[in-house]
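>
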Amino acid sequence: MTAEGGTATHSLVVVTWDSRADLSRLIDSMLAHLELNHELVIVDNASGDDPESELKRWPGPTRFQRLGANRGFGAAANAGVELASSDGVVVLNPDVELLDGSVATLAAAAVSSQALFGPRLLNPDGTTQPSASGPVVGAWPWFGAVVPGAVQPGLVRARTEPWRLNRQVKVTWLTGACIAAPREVLLELGPFDERIELMSEDLDLCLRARTQGIQVTFAPDAGRIVHHGGTARERRFEDAGLELAARNRRAAIARAYGSSRERRGWRAHRLRLRLRAATKRLLGRNGGAERAELDAARAASSYDPI
Numbered sequence: 000m001t002a003e004g005g006t007a008t009h010s011l012v013v014v015t016w017d018s019r020a021d022l023s024r025l026i027d028s029m030l031a032h033l034e035l036n037h038e039l040v041i042v043d044n045a046s047g048d049d050p051e052s053e054l055k056r057w058p059g060p061t062r063f064q065r066l067g068a069n070r071g072f073g074a075a076a077n078a079g080v081e082l083a084s085s086d087g088v089v090v091l092n093p094d095v096e097l098l099d100g101s102v103a104t105l106a107a108a109a110v111s112s113q114a115l116f117g118p119r120l121l122n123p124d125g126t127t128q129p130s131a132s133g134p135v136v137g138a139w140p141w142f143g144a145v146v147p148g149a150v151q152p153g154l155v156r157a158r159t160e161p162w163r164l165n166r167q168v169k170v171t172w173l174t175g176a177c178i179a180a181p182r183e184v185l186l187e188l189g190p191f192d193e194r195i196e197l198m199s200e201d202l203d204l205c206l207r208a209r210t211q212g213i214q215v216t217f218a219p220d221a222g223r224i225v226h227h228g229g230t231a232r233e234r235r236f237e238d239a240g241l242e243l244a245a246r247n248r249r250a251a252i253a254r255a256y257g258s259s260r261e262r263r264g265w266r267a268h269r270l271r272l273r274l275r276a277a278t279k280r281l282l283g284r285n286g287g288a289e290r291a292e293l294d295a296a297r298a299a300s301s302y303d304p305i
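For reference, each letter of the sequence shown is one residue, going 0 to 305 in numbering that gives the first Met the number 0.
1) How would you write the range of the alpha helix (DSSP H) that I41 sits in, first residue to last?
2) Applying the criterion that 16 or more other CB atoms from any shown protein chain within 10 Å of the CB defines a buried residue, is T216 buried or exposed?
3) Identify which residue in A296, D49, A179 and A276 has its Cα closest to the Cα of E289.
4) What is the DSSP secondary structure of T15, reduced to helix, strand or coil?
5) Buried or exposed: P152, going by 16 or more other Cβ atoms within 10 Å of its Cβ?
6) Less than 9 Å between the C-beta atoms of E160 and S199, yes or no?
7) Roughly how many angstroms separate the alpha carbons of T127 and R19, rounded to a whole number?
8) Quick check: I195 and V90, are their CB atoms within less than 9 Å of each other?
9) Taking 9 Å as the threshold (C-beta atoms), are G117 and L39 in contact?
10) If you drop the 5 nearest sequence neighbours on each side, which residues of the same chain put their C-beta closer than 8 Å to that of R246?
11) Assuming the contact rule is C-beta atoms closer than 8 Å, L272 and L293 should be a hit. Round their C-beta distance to whole Å, please.
12) Go through its chain and collect everything with a Cβ distance to G228's Cβ below 7 Å, but skip five positions before and after it.
13) Using a Cβ-Cβ distance under 9 Å, would E292 count as near chain D?
14) By the three-class DSSP mapping on this structure, what secondary structure does E34 have?
15) Provide the residue span of the beta strand (DSSP E) that contains P140, from first to last.
16) For R119 versus S130, is the C-beta spacing smaller than 9 Å?
17) With a cut-off of 8 Å, do at least 3 Cβ pairs link the segment 175-189 to the segment 74-89?
18) If I follow the unbroken alpha helix (DSSP H) through G153, where does it start and stop?
19) What span of residues does the beta strand (DSSP E) with E96 cover, start to end?
20) What's the call for D49, buried or exposed, on a 16-neighbour Cβ count within 10 Å?
21) Whose C-alpha, out of N44, G286, G143 and Y256, is nearest the C-alpha of L206?
22) With which residues is S132 paired in a DSSP beta bridge?
23) Tell me, please, whether the segment 154-169 touches the segment 279-288 by the rule of three or more beta-carbon pairs shorter than 8 Å.
24) Under 8 Å Cβ to Cβ from A295, same chain only, skipping five residues before and after it: list those, please.
25) Where does the unbroken beta strand (DSSP E) through R70 begin, and where does it stop?
26) Are there 16 or more other CB atoms within 10 angstroms of the CB of T278, so buried, or fewer, so exposed?
See the structure below:
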């Protein structure tokens, strides 16, 4: 473990696993857009591509820890939060790219509100990623399944597809590619359940936060970040990744709401995927992603409780 520099404004925690090229792009964007008083914390899951050499490119405060084996995202992120020296922490995927310095605004908002905050995530082509979600049980998932989010009024979107909105809104969960929070809040939450490896640990974190009265906020006005996406999951789990994600999702929701409500919410989720795939087929568009998710959802008929 290494540590350099003085007092940091915020700490950026990044978990790496054979992702040096992604990390290099992230650090390039940090050098372009961030002041040098932000701390960069890297926890490496036994990579073979020397991420520490990339870390040395950041002139501000740094910390580094190499784990002896690939322990998964949650365990490594937890170690990074422990290492962080700032009150405000932003947990980032290595495959994100900063467009401006707004990640600092996001961290400051999280500390001020003592809440979890997530930015708008963009695809490399500039389109918006679905990075925040409304309720995963109850009536709203059924409404969202049958009424496309693009035609819903704003008040409804806040409960179904809040990632489409241009204002801050309380949500049920945020995508873990970028989550800002006060360090002490994260430590109180765990933050991540280390039994969940790589997928749905963000959903579980946000559900547990809400159970403890900690607000989860989508803040598109406080940050925009490009998320290149998916590489670690694809490299580690290949075709089995989507099914694992589906099982983990079911387990996290069942822990938060009970198995009966989870089953009803899961039926709504599968209906949504079926209708989205059918709509794209009718429109002559590629619905491969929806079909793959639907196949994984069908396969996830059971899950290990957490």
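Ideal placement from N, C-alpha and C gives every residue a C-beta, glycine not left out.
From a predicted model like this one, the values you see are computed outputs, not experimental measurements.
In terms of the structure at hand:
1) Careful: I41 lies outside any alpha helix (DSSP H), inside the beta strand (DSSP E) at E38 to D43.
2) buried
3) Of A296, D49, A179 and A276, the residue nearest in Cα terms is A276.
4) strand
5) exposed
6) no
7) Their backbone Cα atoms lie some 25 Å apart in a straight line.
8) no
9) no
10) A299, S301, Y302 and D303
11) 4 Å
12) D94
13) The structure shown contains no chain D; it is built from a single protein chain.
14) Of the three classes helix, strand and coil, the one that applies to E34 here is coil, per DSSP.
15) Here P140 belongs to no beta strand (DSSP E); instead the alpha helix (DSSP H) covers W139 to V145.
16) At a Cβ-Cβ threshold of 9 Å, R119 and S130 count as neighbours.
17) yes
18) Where G153 is concerned, the enclosing alpha helix (DSSP H) starts and stops at G153 to T159.
19) That run of the beta strand (DSSP E) goes V95 to L97.
20) exposed
21) Y256
22) According to DSSP, which records beta bridges pairwise, S132 is partnered with W172.
23) no
24) L241, E242, A244 and A245
25) Per DSSP, R70 belongs to no beta strand (DSSP E) and is neither H nor E.
26) exposed
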